[in-house]
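In the order they appear, the protein sequences are chains A and B. Heads up, the first sequence is in my numbering, so the first residue is 1 and it goes up one at a time. Heads up, the second sequence is in my numbering, so the first residue is 1 and it goes up one at a time. Even glycine gets a Cβ: it sits at the ideal position worked out from N, Cα and C. Treat the numbers as computed from the prediction; the structure is a model and nothing was measured.
Protein chains: 2
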Amino acid sequence: MTSEVRQKATLAQDAAAIMNRLTTEQKNTALSRMADALLTEQTAIIAANKLDLERGREQGTSPSLLDRLALNYDRVAAIAEGLRQIVELPDPVGELLEHFDRPNGLKVNKVRVPLGVIGMIYEARPNVTVDAAGLCLKTGNSVVLRGGSAAIESNRKIVEVLKQALSNTEMPADAIQLIEDSDRASVNEMLKLNGLLDVVIPRGGASLIRNVVENATVPVIETGAGICHTYIDESADFTMAADIAFNAKVQRPSVCNSMETLIVHEAFADRHLSELAERFQKADVELRGCEKTAALLPGTKLVTDEDYATEYNDYIMNIRIVPNLDTALAHIRRFGTKHSECIVTENASNAERFIQDIDAAAVYHNASTRFTDGFEFGFGAEIGISTQKLHARGPMGLPALTSTKYKVYGNGQIRG
Amino acid sequence: MTSEVRQKATLAQDAAAIMNRLTTEQKNTALSRMADALLTEQTAIIAANKLDLERGREQGTSPSLLDRLALNYDRVAAIAEGLRQIVELPDPVGELLEHFDRPNGLKVNKVRVPLGVIGMIYEARPNVTVDAAGLCLKTGNSVVLRGGSAAIESNRKIVEVLKQALSNTEMPADAIQLIEDSDRASVNEMLKLNGLLDVVIPRGGASLIRNVVENATVPVIETGAGICHTYIDESADFTMAADIAFNAKVQRPSVCNSMETLIVHEAFADRHLSELAERFQKADVELRGCEKTAALLPGTKLVTDEDYATEYNDYIMNIRIVPNLDTALAHIRRFGTKHSECIVTENASNAERFIQDIDAAAVYHNASTRFTDGFEFGFGAEIGISTQKLHARGPMGLPALTSTKYKVYGNGQIRG
Numbered sequence: 001m002t003s004e005v006r007q008k009a010t011l012a013q014d015a016a017a018i019m020n021r022l023t024t025e026q027k028n029t030a031l032s033r034m035a036d037a038l039l040t041e042q043t044a045i046i047a048a049n050k051l052d053l054e055r056g057r058e059q060g061t062s063p064s065l066l067d068r069l070a071l072n073y074d075r076v077a078a079i080a081e082g083l084r085q086i087v088e089l090p091d092p093v094g095e096l097l098e099h100f101d102r103p104n105g106l107k108v109n110k111v112r113v114p115l116g117v118i119g120m121i122y123e124a125r126p127n128v129t130v131d132a133a134g135l136c137l138k139t140g141n142s143v144v145l146r147g148g149s150a151a152i153e154s155n156r157k158i159v160e161v162l163k164q165a166l167s168n169t170e171m172p173a174d175a176i177q178l179i180e181d182s183d184r185a186s187v188n189e190m191l192k193l194n195g196l197l198d199v200v201i202p203r204g205g206a207s208l209i210r211n212v213v214e215n216a217t218v219p220v221i222e223t224g225a226g227i228c229h230t231y232i233d234e235s236a237d238f239t240m241a242a243d244i245a246f247n248a249k250v251q252r253p254s255v256c257n258s259m260e261t262l263i264v265h266e267a268f269a270d271r272h273l274s275e276l277a278e279r280f281q282k283a284d285v286e287l288r289g290c291e292k293t294a295a296l297l298p299g300t301k302l303v304t305d306e307d308y309a310t311e312y313n314d315y316i317m318n319i320r321i322v323p324n325l326d327t328a329l330a331h332i333r334r335f336g337t338k339h340s341e342c343i344v345t346e347n348a349s350n351a352e353r354f355i356q357d358i359d360a361a362a363v364y365h366n367a368s369t370r371f372t373d374g375f376e377f378g379f380g381a382e383i384g385i386s387t388q389k390l391h392a393r394g395p396m397g398l399p400a401l402t403s404t405k406y407k408v409y410g411n412g413q414i415r416g
Numbered sequence: 001m002t003s004e005v006r007q008k009a010t011l012a013q014d015a016a017a018i019m020n021r022l023t024t025e026q027k028n029t030a031l032s033r034m035a036d037a038l039l040t041e042q043t044a045i046i047a048a049n050k051l052d053l054e055r056g057r058e059q060g061t062s063p064s065l066l067d068r069l070a071l072n073y074d075r076v077a078a079i080a081e082g083l084r085q086i087v088e089l090p091d092p093v094g095e096l097l098e099h100f101d102r103p104n105g106l107k108v109n110k111v112r113v114p115l116g117v118i119g120m121i122y123e124a125r126p127n128v129t130v131d132a133a134g135l136c137l138k139t140g141n142s143v144v145l146r147g148g149s150a151a152i153e154s155n156r157k158i159v160e161v162l163k164q165a166l167s168n169t170e171m172p173a174d175a176i177q178l179i180e181d182s183d184r185a186s187v188n189e190m191l192k193l194n195g196l197l198d199v200v201i202p203r204g205g206a207s208l209i210r211n212v213v214e215n216a217t218v219p220v221i222e223t224g225a226g227i228c229h230t231y232i233d234e235s236a237d238f239t240m241a242a243d244i245a246f247n248a249k250v251q252r253p254s255v256c257n258s259m260e261t262l263i264v265h266e267a268f269a270d271r272h273l274s275e276l277a278e279r280f281q282k283a284d285v286e287l288r289g290c291e292k293t294a295a296l297l298p299g300t301k302l303v304t305d306e307d308y309a310t311e312y313n314d315y316i317m318n319i320r321i322v323p324n325l326d327t328a329l330a331h332i333r334r335f336g337t338k339h340s341e342c343i344v345t346e347n348a349s350n351a352e353r354f355i356q357d358i359d360a361a362a363v364y365h366n367a368s369t370r371f372t373d374g375f376e377f378g379f380g381a382e383i384g385i386s387t388q389k390l391h392a393r394g395p396m397g398l399p400a401l402t403s404t405k406y407k408v409y410g411n412g413q414i415r416g
């Protein structure tokens, strides 16, 4: 018997052939209908979401997770509005990326095409179901969604609503597939579905992403993990440095572009560390420091290498004092995850060296690492932040969901 | 004890930090020295190659494999010349791909950067050792080479010569690493070296590539497998169709962009199949055909689905006669490997439909699939032909060996 995963991926692949032929207008019409339908059916969606919330409460789910899971009228409206924003974005499919005429008369066009079938593996938030579907469909792909079991009732209802919205449009309802099997085995089956899935994109915590990276034979776009650093150089302006570091840590600690370790030049630390630390402590940030830090801030818990290698996503911060830029660069090379790194300095040559030497998706001079984000970069949408170097790196907009094709026009050319 | 693979990959990674800082001129100087050294040391290289050839003969290696393995003065000169051609190519590293000023004053530059450390896993030909090293180094990467055991003496000598050539250059010799352990386990260790290798590129036969795709947790650029089709439409010009099909099959059957199955519209087949088949038979191509083919060409062996799914790389060709374009498209969708596909037709709308609908790296109208090649596309070099949709698709030039980085310049921006 064919499994749910294989069966639905096959339907998605068949639909992808139709998706590939749709015009931008046809796709936009379909996405607008989906947005309308979410609003029309919001009561039913919220009712389904209540079932997830009740089951979650019974199972002792944490309040913060329940909050992320919860839908209300405002949130459904925001999700629908997100779809409308995707409608407004330019369609990358069909874009002519390169053209060259060869001496033998061949005309070669390199154009953007859909990837085909995208597998999305994610956790609790039901808004990802709509977001991911909207972005994949806008770029002419089919999508196989595998959300967390905590949101299964919400996701089932949402996908039902989205598919129904596609009747009387040119977009095939089979382009959206939801895997309902909550067993981990269904994820692992997706990861091996070469020939049916063209890519798998995981969105979620470190263990979800690790499972995908370690087990997938389908190509993966790795997202998420971020151990980000802010290095305050000797010449940094105190107010700017304090504001940037504080923002990078405290503005939203739970996300991947927030800072985990603050690296401070010793001359700056001698002058300013106490004042700087006080600001973090007032915001209830737990500090863990190197020995020099502890000498300047008595009572600070000593940091370990394991701490340096941890993405806290919480109100905890490591502090390391270094004698020079080289030591800061070496620290980041050892513990960074190549996501987002920042130097605060008034020294232009140190800034350039940092930006050149650091191997990361985004490297900042005098700005918070929190800006590594599709919306902040002006992409208008974001499927995630790639932490790998292939295909897409950093915030991914719509072009990251496309591939290319060479269209070659001849008049009888053969190879000699 | 640290394994050879891990130890050498670590050296390569350390060297990558230096490679990332080299100017184009520094890289070109190093590559030119490498080319010089190959010529200076050609006698020693050919002597080492003799050891491989002798061992190969003792082990009963086929003459065609021995021929691919063999080096002589002309071949070493050609390899050195290949390096000089890489020197002449434009350096993609540092290229500004995008720039945007954000309303908050952030200046964002998206620039090309090296990938970091590239693992190359390949088979017998020792020229790949130099080719791959040259392309990886030109793009500022370190490379970990794992060639076939049949060429180990040649590869060891070649890599020794290349590394020695780097003394008195700015390029670190550690940027080139050769894995000498001939055990399959050393390949499998490379495939799991996340954090040390940024990508693995396999070059070789189907089983080598399958092993890499199935076992790698490091990102892979899949290359190679090609079940390519030529579809001769009803309106095709006979001479053009015959020339293109013959070229696609016979000009070099052993490569991935050669044709395996000829699909012919029934009206064309009724008029021309006998004459067409005769040309292939004269060239000693074994024909396997569908029932209609056998009816038109009595004595033709009947083709099976397994035949349709086989990359022969040999003087064997399947023929299928179809009633219309749709059946041809469906056949290619089922059996194609998304490499190179061709339609021969005088009907422009059929041509456009074929080019639009077929999901492949390169789609041809009235030209041989044999043109899917980095040199034929004018890239001046080729690291392989990607058959996946992520990162690079089709012939890969130097840009395929790069990633990107966002360099973000601020003056104190924080996120609100």
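Check                                                                                                                                                                          : Outcome
Tell me which residue opens and which closes the beta strand (DSSP E) that residue 419(B) is part of.                                                                          : Lying outside 1 to 416, the shown extent of chain B, residue 419(B) is not represented and no answer is given.
What first and last residue would you give for the beta strand (DSSP E) that runs through residue 34(A)?                                                                       : Careful: residue 34(A) lies outside any beta strand (DSSP E), inside the alpha helix (DSSP H) at 24-40.
What is the C-beta distance between residue 135(B) and residue 392(B), in whole angstroms, given that I count them as a contact (C-beta under 8 Å)?                            : Contact doesn't hold; Cβ gap of about 13 Å is too wide.
Distance, Cα to Cα, residue 145(B) vs residue 200(A)?                                                                                                                          : 28 Å
What's the C-alpha gap between residue 313(A) and residue 69(B)?                                                                                                               : 54 Å
Counting only C-beta atoms, is residue 384(B) closer than 8 Å to chain A at any point?                                                                                         : no
Smallest Cα separation from residue 264(B): which of 254(B), 291(B) and 286(B)?                                                                                                : 291(B)
How should residue 63(B) be labelled, buried or exposed, when 16 other C-beta atoms within 10 angstroms of its C-beta is the threshold for buried?                             : exposed
Can you tell me the Cα-Cα spacing of residue 301(A) and residue 293(A), whole angstroms?                                                                                       : 9 Å
Hey, residue 328(A) and residue 231(A): beta-carbon distance below 8 Å or not?                                                                                                 : yes
At a cut of 8 Å, does the region 169-178 of chain B reach the region 190-205 of chain B through at least three beta carbon pairs?                                              : no
In chain order, which alpha helix (DSSP H) runs of at least 4 residues are fully inside the region 111-174 of chain A?                                                         : 127-138 and 152-165
Residues of chain B with CB under 7 Å from residue 411(A), in chain order?                                                                                                     : 366
Since I believe residue 150(B) is in contact with residue 52(B) (beta carbons under 8 Å), could you give me their beta-carbon distance rounded to a whole number of angstroms? : 6 Å
In chain order, which alpha helix (DSSP H) runs of at least 4 residues are fully inside the region 270-348 of chain B?                                                         : 291-296, 305-308 and 325-335
Report the three-state DSSP secondary structure of residue 58(B) (helix, strand or coil).                                                                                      : helix
Indicate the three-state DSSP secondary structure (helix, strand or coil) for residue 230(A) in the structure shown.                                                           : strand
In this structure, how does DSSP classify residue 209(A) when only helix, strand and coil are distinguished?                                                                   : helix
Answer with yes or no whether the minimum CB distance from residue 67(A) to chain B is below 8 Å.                                                                              : no
Measuring straight from C-alpha to C-alpha, what distance separates residue 14(B) and residue 114(B)?                                                                          : 14 Å
Taking residue 307(A) as the reference, give the member of 297(A), 319(A) and 296(A) with the closest Cα.                                                                      : 319(A)
Taking a contact to mean a Cβ-Cβ separation below 8 Å, would you say residue 217(A) touches residue 203(A) in this structure?                                                  : no
Taking residue 244(A) and residue 344(A) to be in contact with their CB atoms under 8 Å, please state how far apart those CB atoms are, rounded to whole angstroms.            : 5 Å
One question on the structure: do residue 22(B) and residue 170(B) come within less than 8 Å of each other, judged by their Cβ atoms?                                          : yes
Distance cutoff 8 Å, beta carbons only. Does residue 317(A) sit that close to anything in chain B?                                                                             : no
Take residue 402(A) and list the residues in its own chain whose beta-carbon comes closer than 7 Å to its own, dropping the five residues that flank it on each side.          : 92, 93, 112, 113, 114, 115 and 139
If residue 128(B) sits next to residue 37(B), beta carbons under 8 Å apart, how far is it from one beta carbon to the other, in whole angstroms?                               : That belief does not hold up - the Cβ atoms of residue 128(B) and residue 37(B) are roughly 18 Å apart, past 8 Å.
Please classify residue 101(B) as buried or exposed, where buried requires at least 16 other C-beta atoms within 10 Å of its C-beta.                                           : exposed
Can you tell me whether DSSP reads residue 417(B) as helix, strand or coil?                                                                                                    : Only positions 1 to 416 of chain B appear in this structure, which leaves residue 417(B) out of reach.
Where does residue 109(A) fall in DSSP's three states?                                                                                                                         : strand
Name the residue from 119(A), 98(A), 310(A) and 321(A) whose alpha carbon lies nearest to the alpha carbon of residue 109(A).                                                  : 98(A)
Output the boundary residues of the beta strand (DSSP E) element that contains residue 244(A).                                                                                 : Where residue 244(A) is concerned, there is no enclosing beta strand (DSSP E), although the alpha helix (DSSP H) it sits in stretches over 238-250.
Just checking: is the beta-carbon of residue 102(A) within a distance shorter than 8 Å of some beta-carbon in chain B?                                                         : yes
Please determine if the region 364-373 of chain A and the region 348-356 of chain B are in contact, where contact requires at least 3 C-beta pairs separated by less than 8 Å. : no
In whole angstroms, what separates the C-alpha of residue 281(A) from that of residue 287(A)?                                                                                  : 8 Å
According to DSSP, what are the bridge partners of residue 417(A)?                                                                                                             : This structure leaves residue 417(A) out entirely; chain A is present only between 1 and 416.
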